[in-house]
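Numbering (my numbering), first residue to last: 2 to 622. Backbone N, C-alpha and C fix where the C-beta goes; we use that ideal spot for every residue, glycine too.
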């Protein structure tokens, strides 16, 4: 590598790049240029005579791997380099293509995605004569995956399935193998297991890859850890890059202990701490550093800004969540009026249910926005389902709404029965719902479908009576309970989260008696015309990782939300919540506003809130 390329690095970065022999741990603080260091390090290894074909770079996303390869080509001024760079899963699939015959699989094995996995589990449930409750296949899939990711037996994982999952999982594995297929978790687990148990194979890959680099090491799970430990050869040339302060995926199996234990695994490891931050102002870093310093289980590091002082992180107390949303929307609109690009503004929150009131405030001020990595509140499946019920109550002739929910929750009404019902209604010259009672009398539909349609008709008649004397909120509450929709949601693996959105919808309708007006307002919200191009990013704190913006607003900084109430039972969970807030703050280049509300209407009830304890830990607020 040319000396001028090394000179473009700061001293810590250059030290990390120059280290070529033995294990290396790079603690890369937020905004410290870790991708640049990884790319320069690979280029330096090649310039020092390391065969590019023997370098393995592992990442967590295809985007990160693609960016790494593109930067390397530009840096080396080479059209292509045979460095193996990709995700853990793509590497596992590549290795299995070469070695699967060793364990009785064809080289052309299939890879089962989530849908394939759930479908196979469903067939296993049927074969074992176990009732296939809605969502049960998803919950068993989760159990299989978390077991493989964490290298724990299913008995060690607390999860109530209301059945013994062992026979189902055994049959699943048997059928999957008979089909010559691996699931996604196998792509990590199987290669690690093979390398661990087959010394000749392990030695072959020690020769194949003499230098290993791992990005985002704090996000590795135990299966990935085992795979890496088996790949590291006698030269112990492994470089891991990560930031324990940004480990926020413990809930899906990531183990921050992997990066904190690296020096136990490799006592001779060189340790480089990248503390020069090229993203945020001094005041933002001061706030973030004072917050994260309260975590006990971390490696000490102090970020330094290359961007100058800036302005203090603001903490704003609001009367209620409505005022909070309006104030954030107003502040965003002022920034846009001042010619700040909407793409440089982001609003974060801990739980998805907070997006509803924010979205409504944005719509009222015609602020273009996009829910990043998610779905707008009024476009979420469970919200649209309930609004479809309300549409029929307001307008019984609404055929599209009826088609959506006539068999939701499932009532045993099949396509043939619906076709017969529609044909009867067409012959009578009336809407389908109006024809339903006569169709049942004339036995147009029979058996289970007739019973299901009769219960649907009774439900709708009762809800229409309720709508005549109650507000929209009460109608929704009655609908959720009488229809069985609540239980229907809870059968799914993400049912609790969807139920929270339902409660939020109910709360939004409290005191509203004009049902057609309410539906019109919601229809306009869901069809808001967002001009192509730049939009304000609205997302959860988890989704914000790896991104950066000039201006960041974090809403709902309250006890029970951030930190989440589910984290109160363990110190490690609270520490992950603190890391989550740290990640949110360090996304900002110029401005951070943290807000909390004294009163919040959430999940169907209005509660008095306390400011997040994290706010007291932040200096300068």
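Residue i - DSSP class collapsed to helix/strand/coil
{"i": "residue 182", "result": "strand"}
{"i": "residue 653", "result": "The requested residue 653 does not occur in the structure, where the chain is confined to residues 2 to 622."}
{"i": "residue 112", "result": "strand"}
{"i": "residue 591", "result": "strand"}
{"i": "residue 221", "result": "coil"}
{"i": "residue 551", "result": "strand"}
{"i": "residue 383", "result": "helix"}
{"i": "residue 541", "result": "strand"}
{"i": "residue 316", "result": "strand"}
{"i": "residue 263", "result": "helix"}
{"i": "residue 129", "result": "coil"}
{"i": "residue 327", "result": "helix"}
{"i": "residue 412", "result": "coil"}
{"i": "residue 677", "result": "Residue 677 lies beyond the range of the chain shown here (2 to 622); nothing can be said about it."}
{"i": "residue 395", "result": "helix"}
{"i": "residue 208", "result": "helix"}
{"i": "residue 160", "result": "coil"}
{"i": "residue 450", "result": "helix"}
{"i": "residue 99", "result": "helix"}
Own chain partners of residue i with C-beta closer than 7 Å, once the 5 adjacent residues on each side are dropped
{"i": "residue 529", "result": "At residue 529, the pLDDT of 44 sits below 50, so the modelled position is not reliable and the matter cannot be decided from this model."}
{"i": "residue 108", "result": "98, 101 and 102"}
{"i": "residue 69", "result": "36, 39, 40, 58, 60 and 86"}
{"i": "residue 254", "result": "147, 150, 151 and 222"}
{"i": "residue 354", "result": "501, 502, 505, 603 and 604"}
{"i": "residue 468", "result": "394, 476 and 516"}
{"i": "residue 65", "result": "216"}
Alpha carbon of residue i to alpha carbon of residue j, nearest angstrom
{"i": "residue 150", "j": "residue 159", "result": "15 Å"}
{"i": "residue 531", "j": "residue 343", "result": "The predicted model places residue 531 with a pLDDT of 41, which falls under 50 and marks its position as unreliable; any figure quoted below should be read in that light. Each residue's Cα considered, the two are about 12 Å apart."}
{"i": "residue 350", "j": "residue 328", "result": "15 Å"}
{"i": "residue 584", "j": "residue 285", "result": "12 Å"}
{"i": "residue 627", "j": "residue 86", "result": "This structure cannot speak to residue 627, because the chain is shown only from 2 to 622."}
{"i": "residue 126", "j": "residue 41", "result": "52 Å"}
{"i": "residue 320", "j": "residue 494", "result": "35 Å"}
{"i": "residue 517", "j": "residue 338", "result": "35 Å"}
{"i": "residue 147", "j": "residue 383", "result": "26 Å"}
{"i": "residue 620", "j": "residue 312", "result": "13 Å"}
{"i": "residue 219", "j": "residue 168", "result": "34 Å"}
{"i": "residue 265", "j": "residue 184", "result": "32 Å"}
{"i": "residue 609", "j": "residue 598", "result": "8 Å"}
{"i": "residue 271", "j": "residue 262", "result": "14 Å"}
{"i": "residue 442", "j": "residue 455", "result": "10 Å"}
{"i": "residue 267", "j": "residue 24", "result": "7 Å"}
Own chain residues within Cβ distance below 8 Å of residue i, not counting five before or after
{"i": "residue 626", "result": "With the chain covering only 2 through 622, there is no way to say anything about residue 626."}
{"i": "residue 359", "result": "326, 329, 330, 348, 350, 539 and 556"}
{"i": "residue 387", "result": "477, 480, 481, 486, 503 and 506"}
{"i": "residue 567", "result": "574"}
{"i": "residue 533", "result": "Since pLDDT at residue 533 reaches only 42, below the 50 mark, its modelled position is unreliable, and the value read off the structure follows with that caveat. Answer for residue 533: no residue qualifies."}
{"i": "residue 472", "result": "510, 511, 512, 513 and 514"}
{"i": "residue 9", "result": "none"}
{"i": "residue 81", "result": "74"}
{"i": "residue 196", "result": "202, 203, 206, 228, 231 and 232"}
{"i": "residue 332", "result": "554 and 594"}
DSSP bridge partner residues for residue i (one or two, in chain order)
{"i": "residue 141", "result": "None; residue 141 has no bridge partner."}
{"i": "residue 87", "result": "59"}
{"i": "residue 612", "result": "559"}
{"i": "residue 241", "result": "26 and 215"}
{"i": "residue 92", "result": "According to DSSP, residue 92 bridges with nothing at all."}
{"i": "residue 277", "result": "305"}
{"i": "residue 321", "result": "600"}
{"i": "residue 348", "result": "539 and 554"}
{"i": "residue 272", "result": "26"}
{"i": "residue 371", "result": "538"}
{"i": "residue 565", "result": "561 and 562"}
{"i": "residue 360", "result": "Answer is none; residue 360 lacks a bridge partner."}
{"i": "residue 578", "result": "DSSP, once it has assigned bridges, lists no residue as partnering residue 578."}
{"i": "residue 606", "result": "603"}
Short CB-CB distance (under 8 Å) between residue i and chain C
{"i": "residue 250", "result": "Annotation note: the requested chain C is absent from the structure, which comprises a single protein chain."}
The ligand PLP heavy atom lying under 7 Å from the CB of residue i
{"i": "residue 81", "result": "The model depicted lacks the ligand PLP and carries no ligand whatsoever."}
Close beta carbons around residue i, own chain, < 6 Å, minus the five adjacent residues each side
{"i": "residue 215", "result": "59 and 241"}
{"i": "residue 17", "result": "27, 38 and 273"}
Do three or more CB pairs link the stretch 195-214 to the stretch 169-186 at distances below 8 Å?
-> no
Does the stretch 411-425 come within contact of the stretch 440-450, defined as at least 3 CB pairs closer than 8 Å?
-> yes
Are three or more beta carbon pairs between the stretch 545-563 and the stretch 425-438 nearer than 8 Å?
-> no
Taking one C-beta from the stretch 25-32 and one from the stretch 235-249 each time, how about it: are there three or more such pairs within less than 8 Å?
-> yes
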